[in-house]
Structures are given as structure tokens and as C-alpha cells.
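Residue numbers (the UniProt record's numbering): 1 to 279.
Contents: one structure, followed by commentary.
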């Protein structure tokens with residue numbers, strides 16, 4: 001969470017610099033050639049800011065040199081931390097990882113892959129091995145593995161979020177490196193042990209026979225106590241990711257999650273479904 005604190009500190013300093021420069025978010029956005037929404041997300045620590053973008057921003061705001069230098073240095077350090085394993089992360093993914101343990105509720109729907117906090121160690125390692133075969137060092141893979149394991153703290157913090165996940169059976173049909181009985185057994189046993197150990201985890205399976213017209217791609221939606229930070233939905237794309245904060249769009253995601261959850265098996269039947277996959 002150190003990076004998260006640094007991101008928030010930088011965001012507050014950017015907001016203060018804008019206010020000291022007597023500019024609105026819209027006015028600054030016009031100077032930068034971007035949208036007001038992007039400036040708002042930067043100040044809310046919803047997205048990161050590249051060092052070059054920050055330099056331009058601070059020049060526009062006529063921020064004193066000494067202060068500007070400190071802020072740019074912090075932005076560079078944050079970028080280096082995201083890249084320290086040699087595996088680039090999007091700002092959106094960094095935000096998800098930073099904030100998920102502080103959420104009040106997490107609603108997630110997954111179609112083809114087990115979500116990070118629910119992956120077994122064997123699943124994680126196989127995924128990293130296949131995804132980055134020959135492309136990164138072993139130390140880089142070890143670092144990513146360590147960070148993936150750390151995401152499990154969402155189940156063990158003093159006041160953990162209610163984690164409500166719905167999985168398609170495809171998550172256990174298409175596995176890293178190809179489906180093997182050993183990997184299926186390992187991941188299913190891990191899911192069942194997680195459900196047994198953590199009452200804040202509500203895991204459901206949406207069977208192929210569910211009477212739905214269709215399902216959309218996976219997403220994760222986070223809500224926070226008191227609305228601070230504001231709720232957001234996270235979706236992954238090839239080589240990219242998005243966070244969504246629009247109230248209307250978030251309501252649509254909640255409605256979609258509820259539609260899927262209502263068609264899914266209940267908690268006990270889902271556990272039976274998983275056991276049957278390895279019997």
C-alpha cells in the first residue's frame with residue numbers, strides 16, 4: 001500500500017498546484033489537449049500521470065521549479081516501481097490492486113480466467129510461465145508471483161470486503177498452458193478451501209445451462225465505505241485496461257452482475273459443481 005499512499009500524495013499536490021495556478025480542471029485540460037475527465041481522474045488518483053505529462057502540466061501552472069522537480073521525481077519513482085519487475089502494469093490495474101483490500105464490496109464476474117485473488121499457487125506459476133516464457137527473468141516472475149499472492153490479503157484484513165464472485169465453468173476448462181487434471185484439481189481444491197476459510201467470500205458458478213440470453217465479458221466492481229474513494233468498475237482489454245466511474249454506467253454493471261448472480265448456482269450448489277469437476 002506504500003505506492004497507493006504515494007499516488008494519493010502526488011494527486012493531492014497536483015490538485016494544490018492547479019488551485020495555486022488559479023485554473024479549473026477544464027481550463028487545465030484545454031491547455032494540455034486532454035479532457036476534463038482525465039484531469040479529474042489524475043487528481044483523484046484514479047489514474048497515474050507520466051513524468052512528461054506532469055512536466056507540461058506544471059509548466060502551464062507556473063509551479064515553482066523546486067516544487068515541480070519534487071513532484072516529477074515522485075512520478076518517475078512510481079513509474080519505476082510499476083516497471084521494477086520488468087512486467088509493465090497499467091495504471092488501472094495498479095489502482096485495482098492498491099484499493100481492493102480497502103473496498104466494502106467487490107462484485108466480480110469472470111468468463112475465462114480465475115481472478116487473481118482466487119488463483120492457486122500452481123495456477124499462478126503456470127500462467128506466468130506460459131505468458132512470459134523467455135521474455136523476462138526468473139526474478140521478475142518471482143516478484144510478480146509474490147505480488148499476486150499478496151492480493152489474498154483482501155480475505156484476511158481486519159475488516160475485509162464482501163467479495164462476491166461469479167465464475168463461468170470456462171474458467172476451469174481453459175487453463176494456463178492447456179487443461180490438465182492436475183491443474184484443475186489443484187485450483188478446485190484451492191477454491192473450496194478459500195470458501196471454507198473465508199466467510200466474506202461468496203463464490204458462485206454460472207452453469208452453461210443457465211437460462212440467460214447472453215453474458216458479457218468479465219468485470220470487477222468496487223464500492224467503498226462512505227463513497228471515498230468513489231466506486232469504479234475495472235475491465236481488462238488486450239494490452240490495456242479501463243476504469244469506469246460514471247454513475248449510470250456503474251448502475252448498468254451492477255444490474256448485469258445481479259442478472260448473472262441470480263441465474264448462478266447458490267453457494268452450496270456451486271461447491272458441489274466444483275467437486276463434481278474433479279470426481
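Think of the CB as a built atom: it goes at the ideal place given N, C-alpha and C, for glycine as much as any other residue.
From the DSSP output, in three-state form, read off residue i for me.
{"i": "residue 329", "result": "The displayed coordinates of the chain run from 1 to 279. Any statement about residue 329 would go beyond what the structure contains."}
{"i": "residue 89", "result": "coil"}
{"i": "residue 197", "result": "helix"}
{"i": "residue 9", "result": "helix"}
{"i": "residue 204", "result": "strand"}
{"i": "residue 48", "result": "coil"}
{"i": "residue 255", "result": "helix"}
{"i": "residue 270", "result": "helix"}
{"i": "residue 68", "result": "helix"}
{"i": "residue 210", "result": "coil"}
{"i": "residue 23", "result": "coil"}
{"i": "residue 231", "result": "coil"}
{"i": "residue 171", "result": "helix"}
{"i": "residue 186", "result": "helix"}
Going by the CB atoms, is the gap between residue j and residue i shorter than 8 Å?
{"i": "residue 22", "j": "residue 111", "result": "no"}
{"i": "residue 62", "j": "residue 166", "result": "no"}
{"i": "residue 163", "j": "residue 219", "result": "no"}
{"i": "residue 203", "j": "residue 270", "result": "yes"}
{"i": "residue 221", "j": "residue 201", "result": "no"}
{"i": "residue 116", "j": "residue 59", "result": "no"}
{"i": "residue 233", "j": "residue 90", "result": "no"}
{"i": "residue 128", "j": "residue 113", "result": "no"}
{"i": "residue 257", "j": "residue 118", "result": "no"}
{"i": "residue 175", "j": "residue 188", "result": "no"}
Kindly identify the DSSP beta-bridge partner or partners of residue i.
{"i": "residue 108", "result": "165 and 220"}
{"i": "residue 236", "result": "241"}
Am I right that residue i and residue j are in contact with their C-beta atoms under 8 Å? What's the rounded C-beta distance?
{"i": "residue 71", "j": "residue 10", "result": "6 Å"}
{"i": "residue 124", "j": "residue 148", "result": "5 Å"}
{"i": "residue 46", "j": "residue 243", "result": "6 Å"}
{"i": "residue 94", "j": "residue 48", "result": "7 Å"}
{"i": "residue 120", "j": "residue 186", "result": "5 Å"}
Excluding the 5 residues preceding and the 5 following residue i in the sequence, name in chain order all residues of the same chain whose CB lies nearer than 6 Å to its CB.
{"i": "residue 157", "result": "101"}
Given residue i, which residues of its chain have a CB within under 8 Å of its CB, disregarding the five upstream and five downstream residues?
{"i": "residue 35", "result": "29"}
{"i": "residue 225", "result": "104"}
{"i": "residue 55", "result": "68 and 72"}
{"i": "residue 229", "result": "44, 45, 46 and 99"}
Return the chain-ordered list of same chain residues with a C-beta closer than 7 Å to the C-beta of residue i, the five sequence neighbours on each side being excluded.
{"i": "residue 208", "result": "169"}
{"i": "residue 6", "result": "74 and 78"}
{"i": "residue 216", "result": "256"}
Would you say residue i faces chain B, with C-beta separation under 8 Å as the test?
{"i": "residue 223", "result": "Protein chains in the displayed structure number just one, and chain B is not present."}
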